[in-house]
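Enquirer:
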Amino acid sequence: MKFSTHAWHAGSILALGVAFFLNSCEEKDPAAPAETPAAEAPAPAPEPAPAPEPEVDMLAETREALFNYAVYTLGAKVTSPETFPELNSMVKDMLEKMQAYYAELQKGEPGEERARMALQIATTTRDLGAYSKAQGEYENALREVESLPEELRSTPACQRLLSSCKNGIGVCLLAQNRANDALAQYEAALAVDEALFNQVGPREGEELPASEVAPDISRAAADLFDSYRCLGDCQRAVDDPEEARTTYMKGQELAQRLKRLSPDMSLSYVKLLTSLGNLDNALGKSQEALQSWVLAAKICQGLNGSSPRLDVKAETKRCFDALLPAIQSVGQKLQAEQAESAAKAAEEKAAAEKAAAEQAAAEKAAAERLAAEQAAQQAQATAEQVAQAPAEGEPAANAGQQEETNKRVRRRRRRRH
């Protein structure tokens, strides 16, 4: 029963996505005329008109939010079709409806909506795991974007479509083990995203305003985080881990520069941190990997608790659930290594102390032996001096007697003279 409930909710969301998507193409009803006042009255002095707020097409915004949630969030779950066969079938049905609508759009002139629909068809096909077919759909979407008039093609919205097409082709090529071909696509996408962010984002040294991040900056930064991650992942795939780490670190430097991130920017940054941690872990840098993963998990927890958006909550939970086992595994590994290191250090300390004690004992014994030898030598020298004393005194006495005799001889000689 639980599974059926989830399937019903998924179907409802998909149906809403289709309804909002198709209804957005219909013309809006004209506004009702204002009522005429019964009697004319003196008009009060006009107050200064407030600054006009930017027009927001709420229907389009709602349509895109529901559509993206239905296609991308739910569609991503069909990577295991055997687990959600009903969901897999519904996404395929959604794809057929998108293709039918795209066929209608092709009867008219090229436009942003037609290019966007071609891109969504490609992404949904990719989510279903048909990478070769999805590559063709992305290439078709790229042709749609490139066929737009220059003034339209150069807008931020169409530049985002261009980047998404190139990134999508890269994803499909990488999934088909064509990493070297994918690399060029990811580099091209990154160049587009960097140029777009430089166009709308804050200048070097400037900070984002304290109020909510502007949507164009949020989208451009989120896309740039994604491009850094995708290119880094591809560089890993072509066995260039150092270049991959350099690319990931550019994304981290961007986050530090911006200081505050919108929910979409935060989600893209979380995925980049996850890839950075994966790389460091593969390189044996467990501590660095854990730092990246823990930061990503904290961002997920904070975002899940603060954002009212259901798609953000779902995505942060998915990212957090993927991070948690890695954090626990590496954390336990580091704890075991620290315990082993501490035990080894204690063992080495005990061995050093034992060696020092043995060395001190050996030095003390050597000193005692040396002192004993010196004492014995001194005693022997003293004994020899005592033994030699009589023999040395006898010549001295004879010399004294001879001197006395010499003195008497000299006195007798003086008396004679």
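Letter by letter, the sequence shown follows residues 1437 to 1853 of the numbering used here.
Think of the CB as a built atom: it goes at the ideal place given N, C-alpha and C, for glycine as much as any other residue.
All figures in this text were calculated on a predicted structure; none of them were measured in a lab.
1. Expressed to the nearest angstrom, what Euclidean distance is found between the alpha-carbon atoms of Cys1601 and Tyr1567?
2. Out of Ala1762, Gln1737 and Ala1782, state which residue places its alpha-carbon closest to the alpha-carbon of Lys1753.
3. Could you tell me which of Arg1550, Gly1604 and Ala1732 sits nearest to Thr1561, measuring between CA atoms?
4. Check this for me: beta carbons of Leu1644 and Thr1710, under 8 Å apart or not?
5. If you count every other CB in all the chains shown that lies within 10 Å of the CB of Asp1675, and 16 or more means buried, which is it?
6. How long is the line joining the alpha carbons of Glu1804 and Ala1798, rounded to whole angstroms?
7. What did DSSP end up calling Arg1850 once you bin it into helix, strand or coil?
8. Specify whether the region 1588-1602 and the region 1620-1636 touch according to this definition: at least 3 beta carbon pairs, one from each stretch, less than 8 Å apart.
9. Could you tell me if Lys1543 is buried or exposed, where buried requires 16 or more neighbouring beta carbons within 10 angstroms of its beta carbon?
10. To which residues of the same chain is Ala1877 closer than 6 Å at the C-beta, ignoring the five residues directly before and after it?
11. Pick helix, strand or coil for Glu1648, following the three-state DSSP scheme.
12. According to DSSP, is Pro1699 helix, strand or coil?
13. What residue range does the alpha helix (DSSP H) around Val1628 cover?
14. Short of 7 Å in beta carbon distance, which residues of its chain neighbour Met1553, apart from the five on each side in sequence? Order them along the chain.
15. Give me the residue from Ser1728, Ala1718, Met1526 and Gln1723 with the minimum Cα distance to Tyr1705.
16. Could you round the C-beta distance between Pro1699 and Ser1743 to whole angstroms and report it? I think they count as a contact, below 8 Å.
17. Keeping to the same chain, check which residues put their C-beta closer than 7 Å to that of Ala1577; ignore five residues upstream and five downstream.
18. Could you name the residues of the same chain whose beta carbon sits closer than 7 Å to that of Leu1770, not counting the 5 residues immediately before and after it, in chain order?
19. Is DSSP giving Val1674 helix, strand or coil here?
20. In three-state DSSP terms, what is Gly1606?
21. With three or more C-beta pairs closer than 8 Å as the rule, is the region 1658-1666 touching the region 1628-1636?
22. For a quick check, are the C-beta atoms of Leu1715 and Gln1688 less than 8 Å apart?
23. With burial defined as no fewer than 16 other Cβ atoms inside 10 Å of the residue's Cβ, what is the status of Thr1683: buried or exposed?
24. In whole angstroms, give me the CA-to-CA distance for Arg1672 and Lys1749.
25. When burial is assigned at 16 or more other CB atoms within 10 Å of the CB, is Val1845 buried or exposed?
26. Grab the span of the alpha helix (DSSP H) containing Ser1742 for me, first residue to last.
27. Do the CB positions of Val1581 and Leu1597 come within less than 8 Å of each other?
28. Once DSSP output is grouped into helix, strand and coil, what is the label at Ala1554?
29. What separation, rounded to the nearest whole angstrom, lies between the Cα atoms of Ala1691 and Tyr1574?
30. Taking 8 Å as the threshold (C-beta atoms), are Ala1787 and Ile1763 in contact?
31. Is the separation between the beta-carbon of Glu1648 and that of Leu1588 shorter than 8 Å?
32. For Leu1746, count neighbouring C-beta atoms within 10 Å of its own C-beta (all shown protein chains included) and say buried if the count is 16 or more, exposed if not.
33. Between Gln1571 and Leu1531, which are expected to be in contact by the criterion C-beta below 8 Å, what is the C-beta distance as a whole number of angstroms?
34. Report the residue from Val1527, Ile1653 and Gln1813 whose alpha carbon sits nearest the alpha carbon of Gln1635.
Expert: According to the structure shown:
1. Here residue 1601 refers to the residue found at position 165 when the sequence shown is read from its first residue. Here residue 1567 refers to the residue found at position 131 when the sequence shown is read from its first residue. Each residue's alpha carbon lies about 14 Å from the other.
2. As a first step, residue 1753 must be located in the sequence shown, where it is residue number 317. With distances taken between Cα atoms, Lys1753 lies closest to Gln1737.
3. On the sequence shown, position 125 is the one that residue 1561 refers to. Nearest of Arg1550, Gly1604 and Ala1732 to Thr1561, Cα basis: Gly1604.
4. As a first step, residue 1644 is located in the sequence shown; it is residue number 208 there, counting from the start. As a first step, residue 1710 is located in the sequence shown; it is residue number 274 there, counting from the start. Between Leu1644 and Thr1710, the CB-CB gap reaches or exceeds 8 Å.
5. The residue given as residue 1675 occupies position 239 in the sequence shown. With fewer than 16 Cβ atoms within 10 Å of its Cβ, Asp1675 is classed as exposed.
6. For the purposes of this step, residue 1804 is taken as residue 368 along the sequence shown, with counting starting at 1. For the purposes of this step, residue 1798 is taken as residue 362 along the sequence shown, with counting starting at 1. If you take the alpha carbons of Glu1804 and Ala1798, they lie about 10 Å apart.
7. Indexing the sequence shown from 1 puts residue 1850 at position 414. It is helical.
8. yes
9. Start at 1 with the first residue of the sequence shown, and residue 1543 comes out as number 107. Counting every other CB atom within 10 Å of its CB across the protein chains shown gives Lys1543 a total below 16, marking it as exposed.
10. A query on residue 1877 cannot be resolved here, the shown segment of the chain reaching from 1437 to 1853 and no further.
11. Sequence index remark: in the sequence shown, residue 1648 carries index 212 (1-based). If DSSP states are grouped into helix, strand and coil, Glu1648 belongs with coil.
12. Taking the sequence shown and counting its residues from 1, the one referred to as residue 1699 is at position 263. Of the three classes helix, strand and coil, the one that applies to Pro1699 here is helix, per DSSP.
13. Sequence index remark: in the sequence shown, residue 1628 carries index 192 (1-based). Where Val1628 is concerned, the enclosing alpha helix (DSSP H) stretches over Ala1615 to Val1636.
14. For the purposes of this step, residue 1553 is taken as residue 117 along the sequence shown, with counting starting at 1. Excluding sequence neighbours, Met1553 sits near Met1534, Tyr1537, Tyr1538 and Leu1541.
15. What you label residue 1705 is simply residue 269 of the sequence shown in a count that begins at 1. For Tyr1705, the nearest C-alpha among the options comes from Ser1728.
16. If you number the sequence shown from 1, residue 1699 lands on position 263. If you number the sequence shown from 1, residue 1743 lands on position 307. With a Cβ gap of about 5 Å, Pro1699 and Ser1743 count as contacting.
17. Residue 1577 sits at position 141 when you count from the first residue of the sequence shown. Answer for Ala1577: Ala1551, Ala1554, Leu1555, Ala1558 and Cys1601, listed in chain order.
18. Counting from one through the sequence shown, the residue named residue 1770 turns up at place 334. The residues are Ser1722, Gln1723 and Leu1726.
19. Within the sequence shown, the letter at position 238 stands for residue 1674. If DSSP states are grouped into helix, strand and coil, Val1674 belongs with coil.
20. Indexing the sequence shown from 1 puts residue 1606 at position 170. Reduced to three states, the DSSP call for Gly1606 is helix.
21. yes
22. Taking the sequence shown and counting its residues from 1, one reaches residue 1715 at position 279. Taking the sequence shown and counting its residues from 1, one reaches residue 1688 at position 252. For Leu1715 and Gln1688, no; Cβs fall outside 8 Å.
23. Translated into the one-based positions of the sequence shown, residue 1683 becomes position 247. With 16 or more other Cβ atoms within 10 Å, it is buried.
24. Counting from 1 along the sequence shown, the entry for residue 1672 is found at position 236. Counting from 1 along the sequence shown, the entry for residue 1749 is found at position 313. For Arg1672 and Lys1749, the distance between alpha carbons rounds to 29 Å.
25. As a position in the sequence shown, residue 1845 is number 409, starting the count at 1. Classification of Val1845: exposed, given that the 10 Å Cβ count is below 16.
26. Along the sequence shown, read from residue 1 onward, the residue named residue 1742 stands at position 306. Ser1722 to Ser1742 is the span of the alpha helix (DSSP H), which, as asked, contains Ser1742.
27. Along the sequence shown, one-based indexing puts residue 1581 at 145. Along the sequence shown, one-based indexing puts residue 1597 at 161. In this structure, Leu1597 lies closer than 8 Å to Val1581 by Cβ.
28. What you label residue 1554 is simply residue 118 of the sequence shown in a count that begins at 1. Looking at Ala1554 - three-state DSSP - the assignment turns out to be helix.
29. Start at 1 with the first residue of the sequence shown, and residue 1691 comes out as number 255. Start at 1 with the first residue of the sequence shown, and residue 1574 comes out as number 138. Taking the straight line from one Cα to the other gives about 29 Å.
30. Within the sequence shown, the letter at position 327 stands for residue 1763. Within the sequence shown, the letter at position 351 stands for residue 1787. Cβ atoms of Ile1763 and Ala1787: not closer than 8 Å.
31. Indexing the sequence shown from 1 puts residue 1648 at position 212. Indexing the sequence shown from 1 puts residue 1588 at position 152. Contact: no.
32. Numbered from its first residue, the sequence shown carries residue 1746 at position 310. Label assigned to Leu1746: exposed.
33. Start at 1 with the first residue of the sequence shown, and residue 1571 comes out as number 135. Start at 1 with the first residue of the sequence shown, and residue 1531 comes out as number 95. The pair is not a contact, with the Cβ atoms about 16 Å apart (cut-off 8 Å).
34. Looking up residue 1635 in the sequence shown gives position 199. It is Ile1653.
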